[in-house]
Amino acid sequence: MDALSINTIRGLCLDAVQEAESGHPGTPMDIAPVAYTLWQRFLRFDPADPIWPNRDRFVLSEGHASALLWSLLHLTGVRAVDPDYEVLGRSAVTLEDLKTFRRLDSHAPGHPEYRWTSGVEATTGPLGQGVAMSVGMAMAGQWLAARYNRNGFPIFDFDVYALAGDGCMMEGVSSEAASLAGHQRLTNLCWIYDSNRVTIEGRTDIAFTEDLAARFIAYGWNVATVADANDVDQVAPALHSFKAERERPTLIVVHSHIGYGSPLEGSPRVHGEPLGVEAVKATKRFLGMPEDAEFFIPDGVYDWFAKGVGRRGADARAEWEARFKEYASVHPELADEIERMQRRELPDGWEGVLPSFPPDPKGTATRASSGQVLNAVAEAVPWLLGGSADLAPSTKTRLTSDGAGDFQPGERGGRNFHFGVREHTAAAIANGMALTKLRPYWSGFLIFSDYARGAIRLSALMEIPVVHIFTHDSIGVGEDGPTHQPVEQLASLRAMPGLLVFRPADANEVVEAWRLIAGLRREPAALVLSRQPLPTLDRSRLNGADGVAKGAYVLADAPNGRVDVILLATGSEVALAVAVREELAGEGIGVRVVSMPCWELFERQPREYRDGVLPPEVTARVGIEQASTLGWDRYVGPEGAVVGMHTFGASAPLKQLLSKFGFTPEKVSGIARELAMRGKEAR
């Protein structure tokens with residue numbers, strides 16, 4: 008039955024790729040015995056409830072082999088789950104889905120999609136991302152155990168498995184993640200390396216000849232080897248070595264043959280294109296499967312999986328649910344936290360902890376006010392946790408409450424995570440934590456969001472509420488110069504679908520931004536903050552910061568009610584716009600100031616609201632932002648102007664930079680005055 012089940016998986020993968028005339032058949036064929044052994048003999052996973060909290064996690068990091076995962080989800084009978092986390096009565100992947108692999112609306116897409124197909128623990132495809140996210144999942148598992156396990160109640164003790172390929176091991180993000188995992192001694196983490204030694208361009212030895220096992224031993228990993236992927240009697244002992252390891256994460260190096268059993272075995276051609284009808288038939292003959300039967304599932308295979316992973320998973324889940332019921336009677340508050348976390352809900356009354364800030368012309372940097380708000384929210388939401396890419400003193404993201412502590416091998420309950428100088432992995436690990444239902448954040452300088460962009464994009468694609476905190480948001484970085492002064496990063500982040508980008512103008516806008524961010528369930532956010540102090544605006548003279556909820560709002564209107572020109576700004580430039588308004592008011596020019604902390608939320612508002620903030624008849628508009636002007640044209644229109652960055656910055660004190668690049672009351676008022684006069688003449 009082992010051999011029959013393995014070859015059934017291979018046959019389904021062959022047929023799915025051939026039917027789609029697109030895909031990657033070679034990898035599923037070579038690694039099927041290993042994936043089968045893991046699922047059928049080791050994985051603690053209940054197909055009838057694929058989201059129960061203490062399940063083992065399986066991440067297919069080599070996401071191009073998605074046909075392997077779709078076959079496993081189908082054969083094991085994994086149930087579908089709806090967006091409200093309710094298990095449905097239908098299969099997550101039907102046989103029809105396999106037959107429509109890579110086709111529109113199929114639940115068997117070209118790469119694993121977290122929010123699309125139940126049983127997928129993470130969206131993968133960009134190589135290295137899956138293994139990096141698995142580190143976040145393993146860290147989350149250790150933290151959950153430290154916070155919630157009590158004597159006699161092992162509520163969390165799950166393991167995390169990631170199946171990776173040669174490409175994953177070449178990508179830098181996997182090296183960053185492996186280094187940190189070794190330092191953290193994540194004994195609940197197992198990477199299975201499918202070493203088939205083939206990539207698209209040819210054999211891996213044209214670019215990849217290192218002693219990978221030695222590298223991982225140097226990282227502090229336990230390393231096991233399987234000489235032949237087809238020998239399940241070798242695979243099982245390697246997995247047992249992981250289960251027995253008590254000090255280190257485990258890497259299992261599996262030597263495999265891409266396209267095993269096919270006429271193209273070992274060839275780069277079998278990596279990324281269908282075999283062809285005749286080659287598929289030849290492969291099936293080699294495997295002992297009917298060569299003319301497509302999507303063939305022999306009698307007994309479904310039952311075999313049901314008796315293996317199905318029965319073991321059901322028993323484990325039933326035992327856990329009984330244990331959790333008793334736990335809830337003894338520790339009701341902790342049980343309530345766990346249940347809220349699983350539904351991505353927050354504690355009752357959490358908003359009561361949010362501070363407010365009095366007017367202050369000197370003000371404070373928004374990174375500093377954000378640090379205060381973050382700590383206040385973290386007091387109310389114990390599963391809000393995170394860290395920085397070695398920059399917490401600068402990003403103000405350290406949690407300072409009693410008992411917050413540092414997450415380290417000797418202190419798993421710490422809520423401050425040290426990611427080291429590893430922006431890409433920090434973001435990917437945060438994704439893994441969010442996939443485990445924690446509320447994670449990570450932080451760095453805005454300029455280095457570029458290093459993390461691949462993982463940020465996956466936050467948005469998976470619709471998970473990671474908080475990406477970026478400080479040093481503009482040329483306000485000053486003397487550090489153009490290497491550290493972000494120019495194009497805001498436009499780049501705003502271009503990403505599904506990501507809410509906030510650039511608050513003062514401390515109270517920071518509060519309102521956090522009010523929204525903390526409550527997010529299916530969206531990530533980028534919170535972009537200043538290094539330099541910004542005035543805390545006097546809300547008794549201006550409109551309240553609660554307008555942040557709508558993305559943009561009228562902060563201050565023309566004193567006489569007649570709007571001659573609109574100044575639109577974000578972040579530190581809002582105070583500049585307010586100063587210009589006051590100057591031009593003395594000249595009889597009616598200026599409206601619009602604060603636009605989150606463009607994405609503004610675009611979601613009804614047309615009536617948007618037109619109320621930006622009346623179409625007022626075409627004299629000036630956008631002000633210390634960043635690329637890309638995108639501002641939609642708000643200022645063809646007759647407006649933008650005061651922004653058209654070059655990189657320079658190394659100099661802040662005041663000199665503001666003068667050089669035109670972010671001064673004199674420069675902005677001159678432009679606004681000219682546009683207002685032109686508008687008056689036109690009327």
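Residue numbers (the numbering used here): 8 to 690.
Where is the CB? At the ideal position from N, CA and C, for every residue including glycine.
Between the C-alpha atoms of residue 271 and residue 282 there is a straight-line separation of about 8 Å. Under the three-state reduction of DSSP output, residue 471 falls in the coil class, being neither helix nor strand.
The region 618 to 684 contains, as complete alpha helix (DSSP H) runs of 4+ residues, the segments 640 to 643 and 661 to 668 (chain order).
Taking C-alpha positions only, residue 247 is separated from residue 168 by approximately 13 Å.
Listed in chain order, the alpha helix (DSSP H) elements of length 4 or more contained wholly in the region 12 to 99 are 33 to 44 and 73 to 82. In the DSSP assignment, residue 198 falls within the unbroken beta strand (DSSP E) covering 196 to 202. Unbroken alpha helix (DSSP H) runs of no fewer than 4 residues, entirely contained in the region 423 to 465, are found at 430 to 442, following chain order. Cβ atoms of residue 506 and residue 500 come within 8 Å of each other, at about 6 Å.
Under the Cβ criterion (8 Å, minimum of three pairs), the region 524 to 541 counts as touching the region 361 to 375. Counting every other CB atom within 10 Å of its CB across the protein chains shown gives residue 264 a total of 16 or more, marking it as buried. A straight line joining the alpha-carbon of residue 399 with that of residue 68 spans about 30 Å. Counting along the chain, residue 224 sits inside the alpha helix (DSSP H) bounded by residues 219 to 226. In the displayed model, residue 524 falls within a helix according to three-state DSSP. Taking a cut-off of 8 Å on C-beta distances, the region 173 to 182 touches the region 195 to 208, as three or more cross pairs fall below it. In this structure, DSSP gives residue 497 a helical state, which the three-state scheme calls helix.
Residue 114 is not a Cβ neighbour of residue 72, given a cutoff of 9 Å. Out of 486, 567, 546 and 571, the CA that lies nearest to the CA of residue 665 is found in 486. Residue 515 is not bridged by DSSP to any residue. In this structure, the straight-line span from the alpha carbon of residue 340 to that of residue 528 is close to 22 Å. Within its own chain, the residues whose Cβ lies closer than 7 Å to the Cβ of residue 591, once the five positions on either side in sequence are excluded, are 598, 676, 679 and 680, listed in chain order. Taking one beta carbon from each stretch, the region 543 to 559 and the region 603 to 618 have 3 or more pairs nearer than 8 Å; the two touch. Exclusion of the five residues before and after residue 253 leaves 194 as the residues of its chain whose Cβ lies within less than 7 Å of its Cβ. By the 16-neighbour rule on beta-carbons within 10 angstroms, residue 35 is buried. Assigned with DSSP and collapsed to three states, residue 213 falls in helix. Around the beta carbon of residue 95, fewer than 16 other beta carbons sit within 10 angstroms, so the residue counts as exposed. A Cβ-Cβ separation of about 6 Å places residue 150 in contact with residue 414 under the 8 Å criterion. If you draw a 10 Å sphere on the C-beta of residue 663, you find fewer than 16 other C-beta atoms in it, and that means exposed.
In this model, residue 416 and residue 455 are separated by some 28 Å (Cα to Cα). DSSP assignment within the region 540 to 568 yields no whole alpha helix (DSSP H) run of 4 residues or more. Inter-residue distance for residue 626 and residue 489 is about 34 Å (C-alpha atoms, whole angstroms). Sorting 520, 622 and 569 by C-alpha distance to the C-alpha of residue 577 places 520 at the top. For residue 614, the three-state secondary structure derived from DSSP is helix.
With contacts defined by Cβ atoms closer than 9 Å, residue 452 and residue 424 do not form a contacting pair. Counting only residues of its own chain and dropping the five nearest sequence neighbours on each side, residue 564 has a CB closer than 6 Å to the CB of 599.
By DSSP's assignment, residue 171 forms a beta bridge with 200.
Closest by C-alpha distance to residue 251, out of 349, 268, 231 and 238, is 231.
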